[in-house]
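Trainee:
Chains as they are written, first to last, in this note's numbering: chain X, -1 to 515; chain H, 37 to 154.
#1: Only counting the same chain, and skipping five residues up and downstream in sequence, which positions put a Cβ closer than 6 Å to that of residue 501 (chain X)?
#2: To which residues of the same chain is residue 425 (chain X) closer than 6 Å at the C-beta, ignoring the five residues directly before and after it?
#3: Sort H:136, H:145, H:143 and H:141 by Cα distance to residue 65 (chain H) and report the nearest one.
#4: Please confirm if residue 375 (chain X) has its CB atom under 8 Å from at least one CB of chain H.
#5: State yes or no: is the beta carbon of residue 116 (chain H) nearer than 8 Å to at least one beta carbon in chain X?
#6: Starting from the beta carbon of residue 136 (chain H), find every residue of chain X whose beta carbon is closer than 7 Å, and list them in chain order.
#7: Taking the alpha-carbon positions, what's the residue 236 (chain X) to residue 340 (chain X) distance?
#8: Just to confirm the assignment, what range does the alpha helix (DSSP H) spanning residue 494 (chain X) have?
#9: Who pairs with residue 127 (chain X) in a beta bridge, going by DSSP?
#10: Please look up how many angstroms separate the CB atoms of residue 149 (chain X) and residue 261 (chain X), rounded, as I've assumed it's under 8 Å.
#11: What do you get for residue 133 (chain H), buried or exposed, if any count of 16 or more other CB atoms within 10 angstroms of its CB means buried?
#12: Please confirm if residue 150 (chain H) has its CB atom under 8 Å from at least one CB of chain X.
#13: Can you check whether the CB of residue 101 (chain X) is closer than 8 Å to the CB of residue 15 (chain X)?
#14: Does the CB of residue 118 (chain X) have a neighbour CB from chain H at under 8 Å?
#15: Starting from residue 78 (chain H), follow its DSSP beta bridges and name the residues at the other end.
#16: The beta strand (DSSP E) with residue 455 (chain X) in it runs from where to where?
#17: What did DSSP end up calling residue 83 (chain X) once you bin it into helix, strand or coil?
#18: My output table needs one value for residue 465 (chain X): the three-state DSSP class, helix, strand or coil.
#19: Across which residues does DSSP place residue 223 (chain X) in a beta bridge pair?
#20: Which residue from X:434, X:360 and X:180 puts its Cα closest to that of residue 408 (chain X)?
#21: With a threshold of 8 Å between beta-carbons, can residue 132 (chain X) be considered close to chain H, or not?
#22: Using a Cβ cut-off of 8 Å (strictly closer), state whether residue 287 (chain X) contacts chain H.
#23: Residues in the same chain with beta-carbon distance under 8 Å from residue 448 (chain X), minus the five sequence neighbours each way, listed in chain order, please.
#24: Could you check whether the Cβ of residue 380 (chain X) sits closer than 8 Å to any Cβ belonging to chain H?
#25: Can you tell me whether residue 37 (chain H) is helix, strand or coil according to DSSP?
#26: Residue 124 (chain H) touches chain X at which residues, Cβ-Cβ below 7 Å?
#27: Within 8 Å of any Cβ in chain X, is that where the Cβ of residue 65 (chain H) sits?
#28: Locate the beta strand (DSSP E) running through residue 119 (chain X), then write down its first and last residues.
#29: Should residue 467 (chain X) go down as buried or exposed, given a rule of 16 or more other Cβ atoms within 10 Å for buried?
#30: I'd like to know if residue 80 (chain X) contacts chain H, where contact means its C-beta is closer than 8 Å to some C-beta of that chain.
#31: Does the pairing of the stretch 281 to 293 of chain X with the stretch 222 to 233 of chain X give three or more beta-carbon distances under 8 Å?
#32: Note down, in chain order, each residue of its chain lying with its Cβ closer than 6 Å to the Cβ of residue 123 (chain H), except the 5 sequence neighbours on either side.
#33: Identify each residue in the stretch 15 to 40 of chain X for which the Cβ-Cβ distance to at least one residue of chain H is less than 7 Å, and report them in chain order.
#34: By how many angstroms is the C-alpha of residue 427 (chain X) removed from the C-alpha of residue 241 (chain X)?
#35: By how many angstroms is the C-alpha of residue 113 (chain X) removed from the C-alpha of residue 57 (chain H)?
#36: Quick one: is residue 520 (chain X) buried, meaning 16 or more other Cβ sit within 10 Å of its Cβ, or exposed?
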C-alpha cells in the first residue's frame, strides 16, 4: 500500500479508486508496493528522486481495460501519467511531472499488429521496444530497416511521440508517423486520418486525409493516449557509406555548419549528421579523473591539450550516406569530398563503405544499443544525465553564437561542456548539451537546475526554444512561448480543457494543464 | 533469442501478431531473459561489466561469474537500480520472474555445469 496520494485526491478517494482499479485490471496490475513504485522513479533524477515519485502504477492489457481505468480516474479525479515503455532517459524516464501522479504503464499493450512488406510500414502498440521491433524485423527477414535512437530500451511509439531522432533518412521519427489510434480522456477511441474509414487500406499509406491532420497534436502532448501508431520504414539500401570529418579549430564551427548545409539541403547527406565538440570526444573510454583532478569544469585548454595528444581536432562530424542505386555511392561520396575540399580544406575526411549482402558493421547503427548509458558515471556514481536541447537554424553565425553561449554557461556553472548537435532536416540543428552529474552531489544537481533555467532564458532572448526537456524544466521551456500574448499556450489550454476537462491526462506535460495558461 | 512480447505466427504482410501477456507466457526462462535484457550491459564487453571490473574481485565482473550474489540483492537492484543502472518495472519482469532470475543468478558458478552461461 502506498503512503503517497495523487495531488488533489484525498486518501479515502484514492483508496476507493485503487479498489476499483483492481477490479478492472486484476490485483497484479495495480502496483502499489514500495518496490513496484521505486521501479518507476527517474534513475537519472536531477536531485531527489522522490520529487517525482508516483503514488501507484496501473498496467492495462488492452484498450478495454484502458477505458475502464480512465473512467475510474475521472470519477475520482486521479491524475495519470501515461508511459509507453517508460524509458525516456534523461528526460524523466517514467516519472510524472507532479509528485503523486499515477503512472499509467502501457507496456503490456505490446503487439506488432502489422509489418507491411509491400508498402513499408508498421502498425504497433505502445509497449513495443526497439529491441522487440528489431527482433521481429530480423525474424521476418524484412527488407525494411528500423531507424532507432541512441538507446534501444525505449518504445518505438514513445520515441516518435517525444520527437526522438535516429540516424537514417527516416531519422526524424515523428515525421514517419502515419495514422494513429488514440483514446481520449472520456474513453472515446478515435482513429486519425484514413483510419476513420472502415476497411481503409490507406490509414498507414497516406498522411493527408479529408480534413485536418491531427497526428501531430498528439505528439509531446497530453491531449489523448496513443494506443496504436503507423510508422513508415526505410527500404534496405543498396549501399552505405560512413563519413567521419575531423575539423581542427574551435573557431571553425560557423564555417562547418555553412559547409554542411547545402549538402544536407540537397539530400546528398541524406541522414542526420552529428557534430561533437572536443569534450564529447575525450570521454570515450576515459575516466574523468585521469584527465582532470581540479575543481569545476574541465578547462577548455585542458580539453584541447587532450585532443591534441590524440591527434584530434575540436570538432568531429559523423553521418551515414544511403544509396538505393548500386554504384551510386561513388558519386555521392565524391560530391561530399569535393565540396569540403573547396570550402573547408582544413577538414579531414575518412570514409568506410558497405554494400548489400556484406555483414553489417557497428558504424551503420542498425544494431540495438544501450551505448549512451556508458557515459552516465562521468562525474561519479551514481551518475545521471540530462540535456539542454535548443533548436537553431542551420546558419553558421547563429549556431556559433549559441554554442559559445552554451559552452560558457556550462563552464560558469562548473559542468563539463559535453555538447553535440544533430543536423536534422537540413534547415535546423538540435543541440544536445548534456549535463553529466553525480546524483548524490546536491551542489552539482542544484547547479544543473540553475544552469538549465539560465540557458532557457538566454536562448529565449535569442528567439530560440528547446525541442524537448526533462520534467524539471517543462514550464521553463514553455515560458518562451510568449508571442501574441501567449497565444499558443492559451490555445493548448483551450484544447486541453475541451478534450480532458477533468485534467486527468499527464498534467504539466510540456507545461500544459497544470497552471492556468 | 526472443523474450517478451511476440511469439509470432505472422507470415508475410498484413497479419497481426498474437499478443502475449507481459509475463512472457510459457517460453520465459531466466536464461533467455538474461541473454536478451541483461547481457547487453553485463556480458563480456558491456559497460556494466567494465564498471564492475573496478569494484569486484578479478574475474567476477560478469554477473554470471560472481562467486556471491544473493538473490535478495538481485531482486532489490532490479527494482531500484544501482549506481547508474536503471531499474526494471513489473511490466518488464514480473515478481515471479524476478524471483526465478535472482535464484538462477544467485547459484554459484559451476553449481550446475553450464547453467549460467548467460
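For each residue, glycine too, the CB sits at the ideal point set by N, CA and C. Bear in mind the structure is a predicted one, so any value in this text is a computation, not a measurement.
Mentor: Here's the rundown:
#1: Excluding residues within five positions, the ones whose Cβ falls inside 6 Å are 511.
#2: So the list reads 392, once near-sequence residues are dropped.
#3: Closest by alpha carbon: H:136.
#4: The beta carbon of residue 375 (chain X) sits closer than 8 Å to some beta carbon of chain H.
#5: Using a CB distance cut-off of 8 Å, residue 116 (chain H) counts as an interface residue toward chain X.
#6: Result: empty, since nearest Cβ-Cβ is about 16 Å, beyond 7 Å.
#7: For residue 236 (chain X) and residue 340 (chain X), the distance between alpha carbons rounds to 29 Å.
#8: 481 to 497 is the span of the alpha helix (DSSP H), which, as asked, contains residue 494 (chain X).
#9: DSSP output for residue 127 (chain X) lists X:153 as bridge partner(s).
#10: Between residue 261 (chain X) and residue 149 (chain X) the Cβ distance is about 28 Å, and since that is not below 8 Å, they are no contact.
#11: Counting of Cβ neighbours within 10 angstroms places residue 133 (chain H) among the buried residues, the total reaching 16 or more.
#12: In this prediction, residue 150 (chain H) scores a pLDDT of 44, lower than 50, which makes its location untrustworthy; the coordinate-derived value is nonetheless stated afterwards. Closer than 8 Å: no.
#13: Contact flag unset, no.
#14: No, no contact with chain H.
#15: In the DSSP assignment, residue 78 (chain H) is bridged to no other residue.
#16: Secondary structure note for residue 455 (chain X): it is in no beta strand (DSSP E), and the uninterrupted alpha helix (DSSP H) holding it is 440 to 459.
#17: DSSP places residue 83 (chain X) in coil when its eight states are reduced to three.
#18: Coil at residue 465 (chain X), not helix or strand.
#19: Under DSSP, the beta-bridge partners assigned to residue 223 (chain X) are X:181.
#20: For the residues X:434, X:360 and X:180, the minimum Cα distance to residue 408 (chain X) belongs to X:434.
#21: Not closer than 8 Å to any Cβ of chain H, the Cβ of residue 132 (chain X) fails to qualify, so no.
#22: Closer than 8 Å: no.
#23: These residues qualify, in order along the chain: 411.
#24: Nearest CB-CB separation between residue 380 (chain X) and chain H: below the 8 Å threshold.
#25: Residue placement at residue 37 (chain H) is flagged as unreliable, the pLDDT there being 32, under the threshold of 50; the coordinate-derived value follows with that caveat. Residue 37 (chain H) carries a coil assignment under DSSP once its states are collapsed to helix, strand and coil.
#26: Result: 37.
#27: By the rule that beta-carbons nearer than 8 Å mark a contact, residue 65 (chain H) does not touch chain X.
#28: Residues 119 to 122.
#29: Looking at its Cβ environment, which holds 16 or more other Cβ atoms inside 10 Å, residue 467 (chain X) is buried.
#30: For residue 80 (chain X), not one C-beta of chain H is nearer than 8 Å to its own C-beta.
#31: The stretch 222 to 233 of chain X and the stretch 281 to 293 of chain X do not touch, with fewer than three beta-carbon pairs separated by less than 8 Å.
#32: Hits under 6 Å: 115, 116 and 117.
#33: Taking 7 Å as the Cβ-Cβ cut-off, the stretch 15 to 40 of chain X approaches chain H at 29, 33, 34, 36, 37 and 38, given in chain order.
#34: Cα to Cα, residue 241 (chain X) sits roughly 18 Å from residue 427 (chain X).
#35: In this prediction, residue 57 (chain H) has a pLDDT of 39, which is less than 50 and means its spatial position is unreliable; what the coordinates show is noted afterwards. In this structure, the straight-line span from the alpha carbon of residue 57 (chain H) to that of residue 113 (chain X) is close to 20 Å.
#36: Here chain X covers residues -1 to 515 and nothing more, so residue 520 (chain X) does not appear.
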